[in-house]
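Numbering (this note's numbering), first residue to last: 509 to 949. Here the structure comes first, spelled out in structure tokens, and everything after it is commentary.
Printed below as a string of structure tokens:
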């Protein structure tokens with residue numbers, strides 16, 4: 509494993525310089541096609557309507573909730589200009605720019621803790637894939653982590669500020685840029701709180717539907733709520749038929765950049781100009797508004813191949829004594845899903861990821877703000893449900909496995925990760941929770 513990872517990491521500096529050239533070209537295009545339009549406002553936010561996990565009926569057009577449509581014509585002009593640049597770009601240039609297969613994560617600050625858990629769980633799956641962890645700039649670069657700790661796990665840190673200048677991007681906007689600027693041709697993108705459960709090399713990249721489509725996207729809990737005006741902006745007469753009824757969830761995404769460089773460039777355009785324009789166009793204020801719809805939207809506009817997992821997302825949670833709270837989202841195996849929906853099998857797909865978003869698996873935050881105690885007797889709680897349920901869903905006591913890593917890394921890095929350094933007795937308190945929940949199992 510070490511030889512493979514070392515060789516892969518050597519390529520990063522070389523590929524990064526090529527990515528800089530690619531970005532220099534497209535940065536000018538993004539700047540020159542900036543919409544000259546007023547910020548989109550909504551009359552009211554779209555309702556968050558849940559969808560049944562087995563509902564694969566087609567999408568119906570959501571009603572218009574934009575407050576005035578004065579910006580639409582200006583957005584059309586800018587989008588058309590960008591699209592012309594995109595169509596003129598050579599189809600196979602990505603073959604010369606990107607190399608290999610790897611995992612991309614946006615880390616830094618409070619996201620370093622869960623990022624480290626992600627990488628450890630990736631290694632436990634048997635994966636040897638290199639990992640690129642993107643941070644915004646030098647203020648988020650932590651030398652001890654990036655130069656000492658992460659390379660031992662086959663991971664490297666890259667600063668987006670080394671690539672992008674002249675753009676103010678934060679939060680949701682960082683994801684598409686990290687994927688675009690990564691050195692890899694084949695990318696598994698993970699939010700820092702989306703934990704991989706299967707070995708990507710054999711279970712994701714080498715199988716259908718990824719092999720034929722090159723883009724795999726997962727569903728969210730809610731119906732889609734995009735504005736009808738989005739289709740006008742992008743030059744489509746109407747919403748395409750047979751789109752999935754549910755919205756998308758982008759805590760994890762698979763993309764082949766040789767097949768989908770234009771898709772990623774267009775998704776990046778939607779994200780750079782997302783907060784003022786494309787995020788409200790694609791979600792109309794619904795829960796989770798941000799980058800989550802931009803990747804499938806780009807594929808739709810380009811009329812290119814993609815696969816949306818049809819098995820509905822499921823939730824895990826905990827009973828605090830006075831209420832039941834959601835703790836995470838289970839997303840399922842694309843090849844299992846593909847086999848099921850092509851009539852070859854009829855078994856429930858395996859869990860592929862747990863998107864542990866409330867709370868995130870950040871050792872410091874869990875101890876201080878993680879809602880880990882019962883509201884009735886202050887006893888420590890499991891976050892993802894009873895052990896028996898986890899054994900049935902995952903085949904292992906997944907929460908125990910993750911907490912083993914939380915205790916290990918929390919104790920090892922308590923004085924290394926900046927935002928943990930002032931959290932008193934972190935190691936002792938992590939072990940106390942472990943003893944209260946898992947010691948007798």
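Just so it is clear, CB atoms sit at the ideal spot from N, CA and C, and this is done for glycine as well.
- Residue 802 places its beta carbon 8 angstroms or farther from that of residue 570.
- When DSSP states are grouped into helix, strand and coil, residue 758 belongs to the strand group.
- Residue 717: not part of any alpha helix (DSSP H); DSSP gives it neither H nor E.
- The closest CA to that of residue 780, considering only 667, 941, 536, 949, is found on 536.
- For residue 859, the uninterrupted beta strand (DSSP E) run begins and ends at 859–863, by DSSP.
- Here DSSP, grouped into helix, strand and coil, assigns residue 649 to coil.
- By the criterion of a C-beta distance shorter than 6 angstroms, residue 690 is surrounded in its chain by 612, 640, once the five residues flanking it on both sides are discounted.
- Distance from residue 880 to residue 835 at the Cβ level is roughly 11 angstroms; contact not present, criterion being Cβ atoms closer than 8 angstroms.
- Annotated as proximal: residue 749 and residue 566, with beta-carbon spacing under 8 angstroms.
- The Cβ atoms of residue 871 and residue 914 lie closer than 8 angstroms to each other.
- In the structure shown, residue 914 adopts helical secondary structure according to DSSP, grouped into three states.
- In its chain, beyond the 5 residues on either side, 818 have a beta carbon closer than 6 angstroms to the beta carbon of residue 564.
- Pairing residue 917 with residue 883, the inter-Cα distance amounts to about 28 angstroms.
- For residue 839, the enclosing beta strand (DSSP E) begins and ends at 832–840.
- Residue 862 sits close to residue 705, with the two beta carbons spaced by under 8 angstroms.
- Around the CB of residue 851, fewer than 16 other CB atoms lie within 10 Å, so the residue is classed as exposed.
- Collapsing the DSSP output to three states places residue 728 in a strand.
- Beta-bridge pairing by DSSP links residue 566 to 752.
- For residue 822, the enclosing beta strand (DSSP E) has its first and last residue at 822–827.
- Of the candidates 774, 759, 757, 758, the residue whose Cα lies closest to the Cα of residue 765 is 774.
- Listed in chain order, the non-local C-beta contacts of residue 873 below 8 angstroms within the same chain comprise 618, 621, 867, local neighbours out to five positions each way being set aside.
- Rounded to the nearest whole angstrom, the CA to CA distance from residue 754 to residue 783 is 22 angstroms.
- Around the beta carbon of residue 615, 16 or more other beta carbons lie within 10 angstroms, which makes this residue buried.
- Where residue 899 is concerned, the enclosing alpha helix (DSSP H) starts and stops at 895–902.
- In the DSSP assignment, residue 642 falls within the beta strand (DSSP E) that extends over 639–643.
- Per DSSP, the continuous alpha helix (DSSP H) segment holding residue 689 begins and ends at 682–689.
- Around the Cβ of residue 675, a 10 Å sphere holds fewer than 16 other Cβ atoms; the residue is exposed.
- Taking the Cα of residue 903 as reference, the smallest distance to any Cα among 932, 574, 786, 860 is reached at 860.
- In this structure, residue 925 sits away from residue 572, with a CB-CB distance that is not shorter than 8 angstroms.
- Pairing residue 553 with residue 792 gives a Cβ-Cβ distance under 8 angstroms.
- In the structure shown, the three-state DSSP call for residue 609 is strand.
- Your pair residue 626 and residue 682 does not check out as a contact, with CB atoms roughly 16 angstroms apart and the cut at 8 angstroms.
- Judged by their CB atoms, residue 671 and residue 527 are nearer to each other than the 8 angstroms cut-off.
- In this structure, the CA atom of residue 906 is about 48 angstroms from the CA atom of residue 546.
- The Cβ atoms of residue 637 and residue 711 do not sit closer than 8 angstroms to each other.
- Under the DSSP definition of a beta bridge, residue 694 partners with 609, 764.
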